[in-house]
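Only one structure is covered here, and it is reproduced in the block below.
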Amino acid sequence: MARILGIDPGSRFTGFGLIDTRRGGAQYVESGIIRVDPGPLAARLGCIFSGVSELIAEFAPTTVSIENVFMHRNAASALKLGQARGAAIVAAAVAGVPVAEYTPAEIKLSIVGHGRASKAQIEFMVGRLLGLATLPRADAADALAGALCHAQHMTMTTPAVGRPGA
């Protein structure tokens with residue numbers, strides 16, 4: 002079994018989603034939002050670092066999956082996103098938890114079947130794949146999608162026991 006913490010970084014809202022994986026499927030554990038108070042960027046990054054560190058301490062994930070930076074129209078927004086992402090990655094690194102990175106298109110492709118899926122499609126498929134009665138908020142759904150993407154990637158790259166070449 003693996004426990005995957007998915008992170009959808011943001012400088013105001015950082016989504017998180019935890020799943021447990023077993024042969025043949027994934028099970029929902031927890032999801033939500035790390036809300037970052039407005040203020041200086043350094044304080045917001047510290048909040049993200051602390052929030053991710055607390056999640057790692059509480060839930061003991063075996064891996065963190067995080068969305069890779071993509072280019073925004075606004076360079077300043079892309080820079081802030083990269084810094085938020087860095088704060089989350091450093092929290093995992095300090096805790097000794099490996100980090101897997103996926104582009105938004107890779108995550109969308111693995112969850113919906115095409116790399117240009119809408120937020121609504123991601124939310125719907127995350128709910129469906131995890132058997133959730135209510136759909137999570139967009140940031141949490143994106144984080145769960147990242148965790149599911151990593152679970153799928155692990156399944157595809159881990160040889161089965163007893164199979165030739167394993």
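Numbering (my numbering), first residue to last: 2 to 167.
Cβ atoms here follow ideal geometry from the backbone N, Cα and C, with glycine treated the same way.
Check, Outcome
"8 Å Cβ cutoff met for L130 and L149", "yes"
"Extent of the continuous alpha helix (DSSP H) to which R86 belongs", "76 to 96"
"K109 versus V127 - alpha carbon distance", "11 Å"
"G7 beta carbon less than 8 Å from that of G25", "no"
"Beta-carbon contacts of A152 that lie in its chain and below 8 Å, excluding the five residues immediately before and after", "A3, I5, I20, T22, A27"
"Where the beta strand (DSSP E) through V65 begins and ends", "64 to 68"
"Close Cβ partners of P165 (< 6 Å) along its chain, the five nearest in sequence each way excluded", "Caution applies to P165, whose pLDDT of 42 falls short of 50 and renders its modelled position unreliable; the value that the coordinates give is listed next. So the list is empty, once near-sequence residues are dropped."
"Option nearest A89 by Cα separation, candidates V113, L46, T104", "L46"
"Neighbour-count burial assignment, A85, 16 or more Cβ in a 10 Å radius", "buried"
"Per-residue burial, P62 [other beta carbons within 10 Å of its own, 16 or more giving buried]", "buried"
"For G128, the first and last residue of its enclosing alpha helix (DSSP H)", "120 to 131"
"Cβ pair S66, Y103 closer than 8 Å", "yes"
"Distance between beta carbons of I35 and A93, contact taken as under 8 Å", "So it is not a contact: roughly 14 Å between Cβ atoms."
"Same chain only: Cβ atoms within 8 Å of A101, ignoring 5 sequence neighbours per side", "T64, V65, S66, I67, H151, H154"
"Member of E55, F125, G33, P105 whose CA lies at the smallest distance from the CA of V91", "E55"
"Inter-residue Cα distance where the pair is A96 and S51", "12 Å"
"Separation of V37 from A43, as counted between CA atoms", "11 Å"
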